[in-house]
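S.K.: For the sequence shown, full-length UniProt numbering begins at 27 and goes up steadily by one.
Could you have a look at this structure, given as structure tokens, before my questions?
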Amino acid sequence: TDAYLGMVEKHRGLNAYITETPDLAREQAKAADAALAAGTAGAMAGIPVGIKDLFCTEGVLTTAASHILDGFKPPYESTVSANLKKAGAVMLGKLNLDEFAMGGSNQTSYYGPAKNPWKAEGSDADLVPGGSSGGSAAAVSARMALAATGTDTGGSIRQPAAYCGITGIKPTYGRCSRFGIIAYASSLDQAGPMTRTVRDAAIMLGSMAGFDPKDSTSADIALPDFEAALTGDIRSLKIGIPQEYRPEGLDPEINALWDKGIDMLKAAGAEVVDISLPHTKYALATYYIIAPAEASSNLARYDGLRFGLRVEGKTLDEMYARTRAAGFGEEVQRRILMGTYVLSAGYYDAYYLKAQRVRARIAEDFRNAFKTVDVILTPTAPTPAFGIGANMDDPIAMYLNDVFTVPTSLAGLPGLSVPVGLSSTGLPLGLQLIGRPFDEETVLRAGD
Ligand code: GLN
Numbered sequence: 027t028d029a030y031l032g033m034v035e036k037h038r039g040l041n042a043y044i045t046e047t048p049d050l051a052r053e054q055a056k057a058a059d060a061a062l063a064a065g066t067a068g069a070m071a072g073i074p075v076g077i078k079d080l081f082c083t084e085g086v087l088t089t090a091a092s093h094i095l096d097g098f099k100p101p102y103e104s105t106v107s108a109n110l111k112k113a114g115a116v117m118l119g120k121l122n123l124d125e126f127a128m129g130g131s132n133q134t135s136y137y138g139p140a141k142n143p144w145k146a147e148g149s150d151a152d153l154v155p156g157g158s159s160g161g162s163a164a165a166v167s168a169r170m171a172l173a174a175t176g177t178d179t180g181g182s183i184r185q186p187a188a189y190c191g192i193t194g195i196k197p198t199y200g201r202c203s204r205f206g207i208i209a210y211a212s213s214l215d216q217a218g219p220m221t222r223t224v225r226d227a228a229i230m231l232g233s234m235a236g237f238d239p240k241d242s243t244s245a246d247i248a249l250p251d252f253e254a255a256l257t258g259d260i261r262s263l264k265i266g267i268p269q270e271y272r273p274e275g276l277d278p279e280i281n282a283l284w285d286k287g288i289d290m291l292k293a294a295g296a297e298v299v300d301i302s303l304p305h306t307k308y309a310l311a312t313y314y315i316i317a318p319a320e321a322s323s324n325l326a327r328y329d330g331l332r333f334g335l336r337v338e339g340k341t342l343d344e345m346y347a348r349t350r351a352a353g354f355g356e357e358v359q360r361r362i363l364m365g366t367y368v369l370s371a372g373y374y375d376a377y378y379l380k381a382q383r384v385r386a387r388i389a390e391d392f393r394n395a396f397k398t399v400d401v402i403l404t405p406t407a408p409t410p411a412f413g414i415g416a417n418m419d420d421p422i423a424m425y426l427n428d429v430f431t432v433p434t435s436l437a438g439l440p441g442l443s444v445p446v447g448l449s450s451t452g453l454p455l456g457l458q459l460i461g462r463p464f465d466e467e468t469v470l471r472a473g474d
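Following this line, the structure appears as structure tokens:
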């Protein structure tokens with residue numbers, strides 16, 4: 027813990043942490059020592075982790091990287107962070123993210139962007155760590171935490187993991203409780219571990235996940251021993267390669283990385299076959315209707331009365347409007363506008379309802395594919411990490427980065443990103459493994 031607290035201090039310039047909790051960490055480390063001595067220690071005993079600042083932590087500032095939650099100290103703990111605590115984990119602090127997890131580069135954070143510890147060869151320019159769990163990925167990559175929690179609505183664990191050269195898994199929707207995680211899009215949000223290795227991810231996921239009566243969408247099914255699934259043997263596995271993920275104009279480096287991944291799996295004895303996921307091309311548009319729709323509803327609670335910031339006005343309505351105008355950043359306001367629009371009478375059928383229908387088709391594509399294959403392999407993101415400042419005035423360009431991660435989210439499936447190679451400029455690149463519902467074991471085994 028002391029060593030990691032030292033790294034947190036040393037690399038403060040990366041802006042990975044919004045809040046540091048060194049005193050709490052030392053206290054928890056002592057308790058873990060005692061548990062280890064008494065033989066009562068859990069699987070995470072003494073492991074220093076960072077917690078994405080979207081998880082409510084009792085008595086510890088929780089911001090969602092938004093101005094509107096100024097000074098908010100939750101009176102309760104999220105189930106996932108409580109589970110980690112129970113397993114003995116030590117919390118080093120709360121990690122930076124895109125405001126309310128809306129973004130793919132950490133640049134919408136009210137606290138300024140976290141920076142990627144990696145730099146392109148021969149360049150000193152700062153790069154984004156990806157997002158929204160950018161602080162988590164940067165911290166694990168720079169050894170400012172041994173592991174971190176992330177959340178993933180449309181790629182926010184997998185894409186930053188790829189950009190920072192680490193491992194991250196979005197479990198099946200329902201595997202981890204959403205209780206106490208500040209909501210973005212409730213039918214998509216899912217917590218997961220961000221770690222250096224697949225084995226670490228398996229261990230940490232085992233401590234985070236499990237049924238929780240406080241989340242009605244949490245799945246009441248047995249929790250497997252994820253680490254035991256890492257047998258090193260993938261000879262019986264059938265891996266699918268979806269042709270729709272190879273659009274014309276895909277970066278040749280990403281294509282080559284994908285081929286490298288295929289060769290690695292083949293060399294380990296897996297069978298690789300082409301598959302088709304025909305509705306893939308609609309996934310991005312579908313996601314950017316459903317996620318903002320749910321967000322516009324979830325964010326209605328920030329009214330200046332109950333949480334954080336309040337900007338006074340002459341009337342109640344004026345207070346609401348002023349608070350929300352001052353408290354929400356540009357991207358969050360854009361999402362609320364989009365979401366309110368697609369849910370409004372007259373547009374609901376044309377956009378929201380249609381998106382829900384397409385979502386069902388996308389899930390059906392995956393169900394059909396998983397009749398013949400066990401795991402699907404794709405790139406995690408279409409590019410390596412880009413420069414801070416890039417794509418900021420072009421939201422569509424930013425959204426296009428999520429093209430390979432959102433279909434998995436819409437279908438609720440587990441998706442793992444593993445680091446597989448470097449770009450010609452020396453930046454990390456990741457591949458994504460997608461599995462059947464609640465079959466994280468096979469995904470982790472193939473990733474390992
Ligand atoms: N980049 C996507 C978005 O902005 C995904 C974010 C996430 O998974 N939280 O919605």
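We put the CB at the ideal spot given by N, CA and C, even for glycine.
1) At the level of alpha carbons, what is the spacing between residue 379 and residue 367?
2) Tell me whether residue 92, by its Cβ, gets closer than 7 Å to a heavy atom of ligand 1.
3) The alpha helix (DSSP H) spanning residue 34 covers which residue range?
4) Which residues in the same chain have their Cβ closer than 6 Å to the Cβ of residue 451, if we skip the five residues on either side of it in sequence?
5) To the nearest angstrom, how far is it from the Cα of residue 430 to the Cα of residue 58?
6) Under 8 Å, do residue 86 and residue 47 count as touching if we go by C-beta distance?
7) Decide if residue 398 is buried, meaning its Cβ has at least 16 other Cβ atoms within 10 Å, or exposed.
8) Is residue 234 near ligand 1, with its Cβ less than 7 Å from a heavy atom?
9) Given residue 49, which residues of its chain have a CB within under 7 Å of its CB, disregarding the five upstream and five downstream residues?
10) Given that a residue counts as buried once 16 or more other Cβ atoms are within 10 Å of its Cβ, and exposed if not, what is residue 257?
11) Using only CA atoms, which one of 185, 218, 125 lies nearest to residue 109?
12) Since residue 43 and residue 74 are thought to touch, with beta carbons under 8 Å apart, how far apart are those beta carbons, to the nearest angstrom?
13) Between which two residues does the beta strand (DSSP E) harbouring residue 46 extend?
14) Within this structure, are the beta carbons of residue 80 and residue 123 separated by less than 8 Å?
15) Thinking C-alpha only, which one of 338, 343, 27 is nearest residue 171?
16) Starting from residue 110, trace the beta strand (DSSP E) in both directions and tell me its first and last residue.
17) Out of 289, 66, 443, 360, state which residue places its alpha-carbon closest to the alpha-carbon of residue 322.
18) Whole-angstrom Cβ separation of residue 166 and residue 221, contact assumed at under 8 Å?
19) Measure the CB-CB distance between residue 411 and residue 417 and report whether it falls below 8 Å.
20) If you draw a straight line from the C-alpha of residue 270 to the C-alpha of residue 204, how long is it?
21) Tell me whether the beta-carbon of residue 131 lies closer than 8 Å to the beta-carbon of residue 157.
M.R.: Put simply:
1) 13 Å
2) no
3) 28-36
4) 146, 147
5) 40 Å
6) yes
7) exposed
8) no
9) none
10) exposed
11) 218
12) Residue 43 to residue 74, Cβ: 12 Å. No contact.
13) 43-46
14) yes
15) 27
16) It is not in any beta strand (DSSP E) - residue 110 instead sits in the alpha helix (DSSP H) that spans 105-112.
17) 360
18) 6 Å
19) no
20) 32 Å
21) yes
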